[in-house]
Structures are given as C-alpha cells and as structure tokens.
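Numbering of the sequence shown is given in numbering that gives the first Met the number 0, commencing with residue 0 and proceeding in unit increments. A virtual CB, placed ideally from N, CA and C, is assigned to each residue, including glycine. This structure is a prediction, so every number in the text was calculated from the model and none was measured. The block underneath contains the structure these notes are about, expressed in structure tokens.
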Amino acid sequence: MYSRAHSAIIIRMRAKRILKAAAAAAITAAIVCAAGCSYIVDGIDVSGYAPVALSTYEYFGCETYVAVYTDGASERERLETLWREEILPELEAVDRSLSAYSDPSDGSVARFNAAAPGETVEIDGYAYDTLVMCTKVYADTNGAFNPATARSLDLWGFTDRFLNGSYTPTEDYDREDPHTQLPDDEYVTAFARLAESFADVELYEKDGRYYAVKPADGSVPVNGKEYSLSLELGGIGKGVAADAVAAALERAGFHFGYVSVGGSSLVMLRNAARMTDGHNGQFDVSVVDPYSGGHYYRYYCSGTGVSTSGNYRNYYDYEGVRYSHIIGTDGVPYDTGIVAASVFGRSAALCDAYTTALCVLGTEDGAAVAFAQKLDGYDAVFVYDDGKSRYVYTEVDGELIGSGYTEVEF
C-alpha cells in the first residue's frame, strides 16, 4: 500500500528562510536564490542555475516531486525529455512491480501474493533487488522490519479498499467499521505468525532471470479458511522509487536538486542555492515536529537519502489508543512510544526500512538506540513519548545525543 501523506520534511534551499515542502509554488519562489555573483560548488559555477520543478501524482498513491537546478533553456528541455522518456516510465515500472494491487500478470509482488505455498514465481529486477534488501533488514532487525504484514494491514484497516470511501465487508474477518471495532485475537495471532514465514522466502537468479519461492508452510488456517503469505512493500517502495529517479538524474548529468516521493522518502543531490557557514552544496533538511508542525531537528547533507516514519501519519484513534499503519512483530499496530523516526544515509530505500524498524523496536531495553548506533553510514533521530515525558534521541556521526524534548513534562 502506498498512502498519500503530508510532507514530513522541510527543505531550506539557502541560509535565508526559503522553505521547501515539495510544492511547486515554493520552488518557484526560490528561483532567484542562485543568481548574482560567482558561486562555486564542487568546482562548478552555479550562480546562473535556477530550479525547475516537475511532479506527478500517478504513482505510489502520492506526489513524486523533482526539483532540479539547470543553467539554461536547453538544459531545461533536456530535463523535461528525461522526465517524459525515462523517469515517468521507470516510476510506472517500479510501482507496477512492487505494488500488491497490480495485475498479477505483470506485477511481481502481486504475482507472488497470488501464488500457492511452495510455488516458484518469476519476478523482475526491481522486485528482486528490493526483496534482497528486505531480507537483509529483516534479519538485521530480528523481524522489526517485515514486508510480509499485508494480511495484518488489511485486518486493521490500512489497505486500499478502506481508503476510497466505498468499503463493504468482504473478508471473514471484516467488521462493519474496522476503525471502531477491533479484530478478533485469533486473526491477529495467526497473521503475525504468518508474517514470520517471510524468513523462509527464497530468492535466486538464474540465466539472467529472477525468482522468488513462497515458503511451503507459508499459510495459516483460521476458522476453516487458509490465508497465504502476502507481501506489502509500502515500507520501502517509495524509497526505491526515490533512489531510481535520483540515479536517472545523475546518469543524465543533473547533479543539483532533490527528489521527494510522498514527502517522506527523499534523495538530496547537491544544492546550487547559496548557503553559508560552510554548507556550500548542502541542503538544510528540517524534520517536522509531529506535535507542533514546526521542526525538531536540522540536518545538512548532500548525496543523501532521507526517510521519516511515525504514528502521526496514516492512523486512527479508538478508545484513547492510536493505531497506525506500521505493524509490530505481534501483529498489532506498533505502540512502542516512538512517535516519529528519521534516518539519513546512502539509500533512501534502506532509510525507509530503517525508520520502520526503529518505530517497531522502540526504546525498551534500549533496542532502537542500540540499532541506530550500529548503522554504518546512516544517522538517525527519533522522538519518544512515554505518556509522561518526551525525548529526542539523535545518533549522528557515531554519537548519541539527547536534545529537544529531553525530560519535558506535559
């Protein structure tokens, strides 16, 4: 499932307060920011560069937004050609491959989901590479990141059929109103057990083609009906798309700008706008405060993937409890106290997966903190709320720093 979401990141293009929230109006307002006297970034005079904004809502259920600095009309035309002829087709291919809602005849994940336990399914390169990443993060996090929670997501009311306003019960476990009636425990337990069989998915390449083997025991019976293992790659898919678009831009020689998919999965290339205080070429990325709507952390970066996850997006509240789209290892929407987590590093896809894992791991026994400190080449920040105090943890450059809400009572 790919859900529409408000931007979780604010991007400041220069030292003066020009805010970037993945909106065309904002990018237009910043057009003059690179103009003026000579300004050198990585040996290139970018003083004449101006940003061009391109966007689409066609894929992943959200806006894909690209802001690229170019130095003339011919470069703008070349960028627009790249957008039409390469980037949009690639976005379509990634979405079709990774979406659980594609036609199984041409969607790899949908085809896997439709397969019987024990069946070998041919998949494409996008799905293969993504699932290889998923298996690694699943193992590294002891299942805290699990792309096989599709059944649980549907059980709790977070799949596409609940979003279009025309929901009617069709599954045996459905309720009249899934957001005010909790599911039966037997389904919760069974679907959590089913998700654990992701560890037994086999992936292999043969003669240039890719395959996934569904575990032979990848099903569970509930009330006389069998439910098979299904994948849902919404926790990594937008990051995969952001990485793919950024790679296409770099291959074509566009090195200044950024990519945003849904406002929560981004790749920052290099910044051609004027920055001060030693931040030439870097973006000033501010992570949105889930409480105030301002920001609680600022991170200067270039050549970096960015992702944010949390329980303040795509959720519902029932009887004083918040249920969000991130499923814990027990098959229940996570409730670890982490309200929002952001990760910065080489791959936006891995940043996506890591933020989900941090939310599920939580701070009990220091699990999220320990995992953040182990990440090689990735920095992490997250907000924790235990109902009495709020805390911000930052793990940047190998150091763990408490800041922001530390010991703030409310």
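Our two residues, residue 209 and residue 136, have alpha carbons roughly 20 angstroms apart in a direct line. Rounded to whole angstroms, the gap between the alpha carbons of residue 212 and residue 147 is 14 angstroms. With contacts defined as CB atoms closer than 8 angstroms, residue 38 and residue 273 qualify as a contacting pair. A contact between stretches requires three or more CB pairs, one per stretch, nearer than 8 angstroms, and the segment 118-134 fails this requirement with the segment 299-312. Following the DSSP letters along the chain, one finds residue 89 in no beta strand (DSSP E) but inside the alpha helix (DSSP H) bounded by residues 87-97.
In the DSSP assignment, residue 294 forms a beta bridge with 287. Taking 8 angstroms as the cut-off, the Cβ atoms of residue 337 and residue 358 count as close. The beta carbon of residue 266 sits closer than 7 angstroms to the beta carbons of 241, 242, 245, 257, 258, 304 and 347 from its chain, once the five residues preceding and following it are set aside; these are given in chain order.
A Cβ-Cβ distance of about 4 angstroms is found for the pair residue 122 and residue 107, placing them in contact under the 8 angstroms criterion.
Fully enclosed alpha helix (DSSP H) runs of no fewer than 4 residues occupy 124-139 and 149-154 of the segment 112-189, in order along the chain.
For the pair residue 126 and residue 97, the CB atoms are nearer than the 8 angstroms cut-off.
Selection 250, 376, 301 and 340 evaluated against residue 78 yields 250 as nearest (Cα-Cα). The alpha-carbon separation between residue 231 and residue 144 amounts to approximately 12 angstroms.
About 6 angstroms separates the CB atoms of residue 377 and residue 342; that is less than 8 angstroms, so the two are in contact. Taking every protein chain shown into account, the CB of residue 214 has 16 or more other CB atoms within 10 angstroms, so this residue is buried. When beta bridges are read from the DSSP output, residue 267 appears opposite 257 and 303. Only exposed fits residue 388, as fewer than 16 other CB atoms lie within 10 angstroms of its CB. For the set 334, 364 and 375, the Cα lying nearest the Cα of residue 353 is the one of 375. In the DSSP assignment, residue 204 is bridged to 209. Short of 7 angstroms from the beta carbon of residue 48, and not among the five residues preceding or following it, lie these beta carbons of its own chain, in chain order: 33, 68, 69, 70, 255 and 271.
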